[in-house]
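Heads up, the thing below is written out as C-alpha cells.
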Amino acid sequence: MRQRATLKASERGKMLIQQARTKKGWIIDDERWLEEASKKIEPERGWDAMWNTQLNGIRTYADNISLASWKRFLQGKVRINANAFKAFCKVLDLNWEDVVEENLINSNINLEDAPKLGNFYGRIQELDELQRWLLEEACQLAVIHGVGGIGKAALARQLVENVANKYDYIIWCSLNSTPPFKDLLTKIVQFISNNQENECDISILIKLLCQSKCLLILENWEEIINSDRDNFKKYDDFLKRVAEETHKSSVLVLSREKPKSIGRIKDTKVRIKRLGVLSYEDAKELLRAEGLSGTEDELEDFSRRYSNPWILKKIAKQVNTVFEGEVSGFIEAISIYVDDDINDFLDNQFQRLSQAEKNLIYWIAIRRNSGLWEQIVQDSKNFLSYNQLFYTINNLIDGYSLIEKNLEEYPILYTLDQVTLKFVTNRFVEDNYNQIIQIIQNQFIQGSELFISHSFITKDTGDEQLQEEQLRRIVKPLKEKLCDYLGDINRLDKELTRIISPEQSNNINITASENIALLLSSNQDYCL
C-alpha cells in the first residue's frame with residue numbers, strides 16, 4: 077500500500093503549528109516560509125542562485141509549494157501534498173508525525189466522514205457477499221439500502237477494514253449536507269490525483285478510476301434523491317457513467333431509499349442489497365456485548381421487540397442505567413418503549429413518504445400487522461387504484477424498507493416492526509386529533525381527513541381481540557386527547573355530533589360517520 081500523498085493537521089497539530097509559527101516570528105505572507113520549504117524538499121537544488129537571477133522579483137518554488145498551500149497547511153481544513161506538509165513542518169522545527177491527523181499516517185485512505193470502527197456483530201453473510209462483489213466480481217457500482225439505523229454504515233466500515241489493502245485509494249464521502257455535485261467531484265478527483273488535476277469533470281474521474289484501483293463510498297444518498305433537480309441529475313448521471321463505463325474501481329452507495337434510477341442502468345457490474353434486520357442470534361450477541369443479561373428466552377423476546385440495531389443499542393444503554401442490564405425487569409414492565417429520540421428518529425423517515433405511502437402504512441398499523449393483501453385492497457379501494465396500491469406497497473418494501481412480509485404465515489401478511497408499529501399508531505392518533513380539532517375550530521371539513529379514509533375498527537375479520545386492540549390503542553387515546561383539549565364531555569359530544577350533521581353530509585362518508593359514532597359511544601369515563 078503506497079504512502080498517502082496528501083496530509084492535514086490534527087486539532088492538536090494545529091495548536092503546535094500556531095505555537096511554532098509565533099515563535100518563528102515571521103508574518104504569514106513572508107516568502108521565507110516558501111523559500112525554506114523549497115530547500116527542505118530539494119536541498120540539492122541551487123535555490124539562492126536561481127532566485128538571484130530571476131527577474132521582477134517573481135520566484136519559482138518547489139513543486140506544491142505556494143502561498144496558497146502554506147495557508148491551507150496553517151488552517152488544517154483540507155489536505156495538502158504530503159511532501160509540502162512535511163517540508164512546512166521542518167521549517168517550523170516540528171516532527172510531522174506529531175502534527176498530522178493520526179489516521180492519515182502512511183495511508184491512502186480518507187475516512188474523515190466515516191463512522192469509527194466499532195465492535196461488529198453478525199452480518200457475516202452480508203459482509204462476505206459484499207467482498208465477493210468487489211474483489212471477485214469486480215463490481216463497479218454497489219448499493220446498500222435500508223431504513224435508518226439498520227447498520228449500513230457499520231457494515232460498509234467493516235468492509236473497508238477488510239479490503240483496504242486491495243485498493244490504491246479509498247475515500248468515504250458523506251452526502252448528509254447535500255453538497256453540490258461539483259464540490260464532491262472536486263474533492264474526489266483531487267484526492268485520487270494527489271492534487272495534480274486542476275480540471276474536475278466526470279471524464280477525468282473515470283480516467284483516474286482506470287489508472288488506479290479505487291473504492292468510493294457515498295453515504296446518505298437519500299439526501300441527494302431529495303435535493304434540487306439539477307443537482308440530483310448530475311449525481312444520477314455520475315452513477316450511470318460509473319456503472320456503465322469501463323474502469324477498475326468500485327463505488328459503494330449507502331442509502332435509506334433505493335435509488336429508482338438504478339433499475340435503468342444497463343450493466344452487469346451493478347449489485348443491489350437491501351439490508352434487513354439483525355437475526356435474533358446476532359441481536360442477542362449485540363445485547364450481551366452492550367452489557368445486558370437474561371435467559372435465552374428473555375434476550376430473544378427483547379430482540380424480537382427491537383430489531384433495529386440503532387434502537388437496540390439505545391434502549392440497551394437505558395436498561396443498563398435503570399435495571400443494571402437485567403432485561404427481565406424491563407420486558408415485564410414495558411411492552412414497547414419509544415422515547416422522544418426514537419420518535420424523532422422514526423418521524424424523520426416517515427416525513428419522507430408521500431401521502432399515499434403514509435396512508436398505506438396507517439392501514440397496516442390499524443390492522444395490527446394482521447393485514448392480508450385482499451384486506452388492504454379493500455381498505456384502500458376508494459382512494460388507490462389496484463395499480464397504485466401495488467406500486468405503493470412495492471415502494472414501501474423495496475424502496476424504503478419500511479414494510480416487511482411475514483412469510484411464516486400464508487397468505488402473506490404485510491407487517492411493520494414492533495417499534496415502528498407503535499410509532500405509526502401513535503402518529504395516526506395524533507394526526508386524527510389535529511384534524512378533528514381543526515374542523516372544530518374552522519367549522520369546515522376538507523374531505524381528506526384520516527377519519528374519513530381510515531376505519532378505526534376493521535369489521536371484516538371477525539376478530540374480537542383485534543377490535544379490542546383497536547379500541548384500546550386508537551379510539552380510547554384519541555377520545556382522551558379530544559377531552560383534554562375541550563375539557564368537557566358534553567362539549568365533545570356536541571362537537572362530534574355537529575361533524576356528522578346533515579350540514580356536513582357532503583364531506584363525509586359512512587367510514588367517517590362510523591368513526592365519529594365510535595368516539596361518541598365509547599367509555600364516557602375518559603373525560604373524568
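Sequential numbering of the sequence shown, starting at 77, is according to the working numbering. Every residue, glycine too, gets a C-beta built ideally from N, C-alpha and C.
One Cα belongs to Asn-508, the other to Lys-552, and the distance between them is close to 12 Å. Residue environment for Pro-578: exposed (fewer than 16 other C-beta atoms within 10 angstroms of its C-beta). When Cβ pairs closer than 8 Å are counted between the two stretches, the region 536-548 is seen not to touch the region 563-573, the count staying below three. Secondary structure at Ile-293: strand, using DSSP grouped into helix, strand and coil.
Contact between Cys-249 and Lys-263 holds, since their C-beta atoms are separated by about 7 Å, short of 8 Å. Taking a contact as a CB-CB distance under 8 Å, the pair Trp-123 and Ser-114 counts as one, their CB atoms being some 6 Å apart. Around the CB of Ala-125, fewer than 16 other CB atoms lie within 10 Å, so the residue is classed as exposed. Short of 7 Å from the beta carbon of Leu-558, and not among the five residues preceding or following it, lie these beta carbons of its own chain, in chain order: Tyr-509, Ile-512 and Leu-568. Put simply, the backbone Cα of Ile-391 is about 18 Å away from that of Glu-357.
In the DSSP assignment, Thr-371 falls outside any beta strand (DSSP E), carrying neither H nor E. The way I'd put it, the region 429-438 doesn't touch the region 401-413; fewer than three beta-carbon pairs between them come closer than 8 Å. In the DSSP assignment, Glu-480 falls within the unbroken beta strand (DSSP E) covering 480-482. The beta carbon of Arg-108 lies closer than 7 Å to those of Trp-102 in the same chain, with the five residues before and after it left out. Scanning the region 307-367 for uninterrupted alpha helix (DSSP H) segments of 4 residues or longer gives 356-365, listed from N- to C-terminal end. A buried status is given to Asp-312, since no fewer than 16 other beta-carbon atoms sit within 10 Å of its beta-carbon. If you look at Ser-589, you'll find it in the alpha helix (DSSP H) that goes 586-597.
Its chain contains Thr-82, Arg-155, Asn-186, Tyr-245 and Ile-247 as the residues whose beta carbon lies nearer than 8 Å to that of Phe-267, once the 5 sequence neighbours on both sides are disregarded; these appear in chain order. Beta-carbon to beta-carbon, Pro-385 and Leu-354 are separated by about 6 Å, close enough to satisfy the 8 Å threshold. By the 16-neighbour rule on beta-carbons within 10 angstroms, Pro-255 is buried. Rounded to the nearest whole angstrom, the C-alpha separation of Asp-423 and Gln-541 is 29 Å.
Rounded to whole angstroms, the separation of the alpha carbons of Arg-350 and Leu-291 is 20 Å. Glu-295 and Gly-225 have their C-alpha atoms spaced approximately 13 Å apart.
In the DSSP assignment, Cys-249 falls within the beta strand (DSSP E) that extends over 245-250. The C-alpha of Lys-481 lies about 11 Å from the C-alpha of Asn-470. Secondary-structure assignment with DSSP links Gly-447 through a beta bridge to Tyr-490. Counting C-beta pairs with one atom in each stretch, the region 188-198 and the region 215-222 have fewer than three that are closer than 8 Å, which means they do not touch. Gln-580 and Ile-592 have their C-alpha atoms roughly 13 Å apart. Around the C-beta of Arg-305, fewer than 16 other C-beta atoms lie within 10 Å, and the residue is accordingly described as exposed. Asn-128 sits in a helix when the DSSP states are folded into three classes. If the five residues before and after Asp-174 are omitted, its C-beta is found closer than 6 Å to no C-beta atom of its own chain. Assignment of alpha helix (DSSP H) within the region 407-447, counting only whole runs of 4 or more residues, yields 416-426 and 431-442 in chain order. Between the alpha carbons of Ile-533 and Leu-594 lies a distance of about 9 Å. DSSP, reduced to helix, strand and coil, places Ala-85 within a strand of the structure shown. Taking 3 residues as the minimum length, the beta strand (DSSP E) runs contained wholly in the region 190-224 are 217-221, in order along the chain. Per DSSP, the continuous alpha helix (DSSP H) segment holding Thr-468 begins and ends at 462-470. Of the candidates Arg-364, Arg-381 and Val-500, Arg-364 places its Cα closest to the Cα of Glu-400.
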